[in-house]
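A short write-up of the structure that comes next.
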Amino acid sequence: MSTLTGSDILITGGTGSFGKAFIRHLLDHHDPARVVVFSRDELKQYEVRQLFNDDSRLRWFIGDIRDVDRLRRAMHGVQYVVHAAALKQVDTAEYNPFEYVQTNVAGSQNVVEAAIDSGVRKVVALSTDKASSPINLYGATKLVADKLFVSANHYAAHHPTRFAVVRYGNVMGSRGSVIPFFAKLAAEGKSLPITDKRMTRFWISLPAAVQFVVDSFDLMAGGELYVPRIPSMRVLDLATAVAPDAPTHEIGVRPGEKLHEEMISPEEGRRALRLADRYVLQPTIATWGYRPPAEAETVPADFSFRSDTNDLWLSVEQLREMLVAAKAS
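Under my numbering, residues 212 to 540 are what the sequence shown spells out, in order.
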């Protein structure tokens, strides 16, 4: 039985792609007592409410993570929190940097404060591969948020609340995915724009991302940053899988974009351990009594986890099969 089964759970940013999939997973597999969906957009909340007919278990809170008092009210009686709310568009962040700081950094600290004050047991915060060796403002704010949640375990040392972080790459089926864009252009008989034909990315399905977060609640003791062992793919192969007959053209790497993504830098790799389905980045300082999992294995001294040097790769056919499965779900 999962830690989440029969519990009261809150998800910030709960009307996004991950939130909708997470809610469905909870309702179908974990029989939660209550799921609190916390987000700031009333239209998106209305639209998501139409997807679920479960007023006995779902609660809908309009609120912004910039408002710590509203977070405290929403977390009343909640045992577990998933923090998925964030501003995420790389180019928009460069034009509106302080807005990203206020949401991704100050908002994350508000989640920490409210969780401790409300007696929440466990919080899992969602991160991104862009937080590893960040080169753009969005990635930098997410790196700060990662550190806030790990260090929150010091802050909560004499309280029951514990915090962990999950970091993963591109999610197939998430809002803003390049897949429908490629499909639309191909249907119109247009060439597909590829930033760079050498570009690689990590790839995970939405159901796999949800399951990884659920499993992290069961595993965490507090202070861990979990990275799934997921495959890489070539962006050119993805275009071929979506539209095999469509021509492509290169447009160049955009500002703030990497040619290859990284989820564990060489510096972080010095404190990484390996479990069956994931890597664990251990906290640099752990005054709250953190202990590494007994079954964890050490990694090589020069370890890093990059999309271009990964030992797991998706072929064009495997990508096509994932696309078919995503449409059927």
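Heads up, the beta-carbon is just placed ideally off N, CA and C, and yes, glycines get one too.
Residues of its chain near Arg-517, where Cβ-Cβ distance is below 6 Å and the 5 sequence neighbours each way are ignored: For this step, residue 517 is matched to residue 306 along the sequence shown. Contacts found: His-471, Glu-473.
Inter-residue CB distance, Val-424 and Val-377 (contact presumed, cutoff 8 Å): On the sequence shown, residue 424 is found 213 positions in, with the first residue counted as 1. On the sequence shown, residue 377 is found 166 positions in, with the first residue counted as 1. Indeed they touch by this definition, with Cβ atoms about 6 Å apart.
Length of the line joining the Cα atoms of Leu-523 and His-370: For the purposes of this step, residue 523 is taken as residue 312 along the sequence shown, with counting starting at 1. For the purposes of this step, residue 370 is taken as residue 159 along the sequence shown, with counting starting at 1. About 40 Å.
Simplified DSSP assignment, three categories, for Lys-353: As a working mapping, residue 353 is identified with position 142 in the sequence shown. Note: Lys-353 maps to helix in three-state DSSP.
Three-pair Cβ contact test at 8 Å for the region 456-464 versus the region 393-406: yes
Coil, strand or helix - Glu-479 by DSSP: Against the sequence shown, residue 479 aligns to sequence position 268. Glu-479 falls in the helix class under three-state DSSP.
Identity of the residue in Glu-258, Tyr-311, Val-289, Gln-290 nearest Lys-299 by Cα: What you label residue 299 is simply residue 88 of the sequence shown in a count that begins at 1. Of the listed residues, the one whose Cα sits closest to Lys-299 is Tyr-311.
For Ile-390, the nearest candidate out of Arg-409, Glu-478, Val-491, Trp-414 (CA to CA): Numbered from 1 along the sequence shown, position 179 holds the residue referred to as residue 390. Considering only alpha carbons, the answer is Trp-414.
At least three beta-carbon pairs within less than 8 Å, the region 227-242 to the region 283-299: yes
With 16 other Cβ atoms within 10 Å as the buried cut-off, status of Arg-489: Translated into the one-based positions of the sequence shown, residue 489 becomes position 278. Buried, since its Cβ has 16 or more Cβ neighbours within 10 Å.
Separation of Asp-448 from Val-527, as counted between CA atoms: Reading the sequence shown from its first residue, position 316 is the one you call residue 527. Reading the sequence shown from its first residue, position 237 is the one you call residue 448. C-alpha separation (whole angstroms): 5 Å.
Nearest candidate by alpha-carbon position, reference Ala-397, set Gln-320, Glu-508, Ala-452: Stepping through the sequence shown from its first residue, residue 397 is reached at position 186. The candidate whose alpha carbon is nearest that of Ala-397 is Ala-452.
Nearest to Tyr-437 (by Cα), restricted to the options Leu-484, Gly-224, Arg-332, Asp-242: The count along the sequence shown starts at 1 and reaches residue 437 at position 226. Closest option to Tyr-437, Cα to Cα, is Leu-484.
Asp-278 versus Ala-487, Val-289, Glu-258, Gln-313, residue with shortest Cα-Cα distance: As a first step, residue 278 must be located in the sequence shown, where it is residue number 67. For Asp-278, the closest alpha carbon among the candidates Ala-487, Val-289, Glu-258, Gln-313 is that of Gln-313.
Selected residue, minimal CA-CA separation from Ser-338, among Asp-328, Ser-416, Arg-332, Lys-358: To locate residue 338, count along the sequence shown from 1; it is residue 127. Nearest option by C-alpha distance: Lys-358.
Rounded C-alpha distance that separates Lys-255 from His-287: As a working mapping, residue 255 is identified with position 44 in the sequence shown. As a working mapping, residue 287 is identified with position 76 in the sequence shown. One Cα belongs to Lys-255, the other to His-287, and the distance between them is close to 23 Å.
Val-355 versus Leu-492: straight-line alpha-carbon distance, rounded: In the sequence shown, counting from the first residue as 1, residue 355 sits at position 144. In the sequence shown, counting from the first residue as 1, residue 492 sits at position 281. Spanning the two alpha carbons is a distance of roughly 15 Å.
Where Ala-375 falls, given that 16 or more other Cβ within 10 Å makes a residue buried: As a first step, residue 375 is located in the sequence shown; it is residue number 164 there, counting from the start. That one is buried.
For Phe-374, the three-state DSSP class (helix, strand or coil): Taking the first residue of the sequence shown as position 1, residue 374 is located at position 163. Residue state, collapsed to three classes: strand.
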